[in-house]
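Notes follow once the structure below has been shown.
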Amino acid sequence: KFAKIIESSTKRLSYLINDFLTASRLKSGKFDIEKGEADLKSMLKSECASLEDQFDAKGVKLSLSIDKAIPKMNLDEQKLRQVMMNLMDNALHYTDKDGTVSVKLKQDGKSVVFEVKDNGIGVPKADQPELFSKMFRAGDAKQMRPDGTGLGLYLAKKVVMGHHGHIIFESKEGEGSTFGFRIPIK
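For this note's numbering, count along the sequence shown from 1 and bump the result up by 41.
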């Protein structure tokens with residue numbers, strides 16, 4: 042159990058370092074999407090498995106639904122893993138004990154849709170227009186988790202756009218949020 046916690050913490054630290062490196066590459070104009078054949082289904086299962094202990098420790102229920110028909114795709118696996126992990130990690134941190142986080146991966150026409158829905162604190166309406174800006178953090182998020190960087194959502198949007206997709210976002214303060222992405226199947 043301790044080894045799993047250490048592994049999960051190490052993975053999160055690695056993602057944080059990658060966020061800073063990716064932000065640096067964006068600033069210098071050296072940000073590239075490096076595509077190769079990838080299996081979103083197995084990527085998501087792996088990332089959820091690495092978060093299970095943290096969800097259990099906080100007392101937040103994680104539910105996972107994956108459409109079996111999703112094909113392998115030409116993607117930047119590392120960067121999309123970061124996006125999925127970041128969105129699930131945010132949902133965990135901004136959802137109180139006994140809350141729920143639902144993760145879905147489905148095919149919708151000629152696109153794949155990834156959604157993370159929680160019943161956490163939500164994002165105040167006044168903060169929503171700036172949410173995907175570099176280094177921006179909503180006021181309630183800063184209070185609940187002071188150690189955040191404000192890079193996760195900014196980078197998520199850049200990575201998804203680099204895959205010719207778009208970000209999914211809906212939120213109501215005090216009721217929760219849905220974050221995710223839609224990318225075309227190619």
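All residues carry an ideal CB built from backbone N, CA and C; glycine is no exception.
Annotated three-state conformation of VAL101 is coil, per DSSP. One thing to note: GLU118 has its Cβ within 7 Å of the Cβ of ALA79. Taking one beta carbon from each stretch, the stretch 210-218 and the stretch 80-91 have fewer than 3 pairs nearer than 8 Å; the two do not touch.
Spatial neighbours of HIS204 in its own chain (CB-CB distance under 6 Å, excluding positions within 5 residues in sequence) are listed in chain order as ILE224.
For secondary structure counted as the alpha helix (DSSP H) over 4 or more consecutive residues, the stretch 110-157 holds these complete runs in sequence order: 118-134.
A distance below 6 Å between beta-carbons, with the five flanking residues on each side excluded, links ASP73 to no residue of its chain. Closest by C-alpha distance to ILE162, out of MET126, ILE46, GLU216 and TYR195, is GLU216. In this structure, LYS138 keeps its C-beta atom at 7 Å or more from the C-beta atom of GLU156. VAL153 sits close to ILE226, with the two beta carbons spaced by under 7 Å. The three-state reading of DSSP puts PHE220 in strand, counting E and B together.
Distances from the alpha-carbon of THR141 to those of LYS147, ASN131 and GLN148 put ASN131 closest. Looking at LYS76, PRO112, VAL200 and LEU133, the one whose alpha-carbon comes closest to that of GLY150 is PRO112.
In the three-state scheme derived from DSSP, where H, G and I count as helix and E and B as strand, GLU88 is classed as helix.
The continuous beta strand (DSSP E) containing ALA79 extends over residues 77-79. Its chain contains ALA197 and VAL200 as the residues whose beta carbon lies nearer than 6 Å to that of VAL124, once the 5 sequence neighbours on both sides are disregarded; these appear in chain order.
By the Cβ neighbour-count rule, GLY221 is buried, with 16 or more other Cβ atoms within 10 Å of its own.
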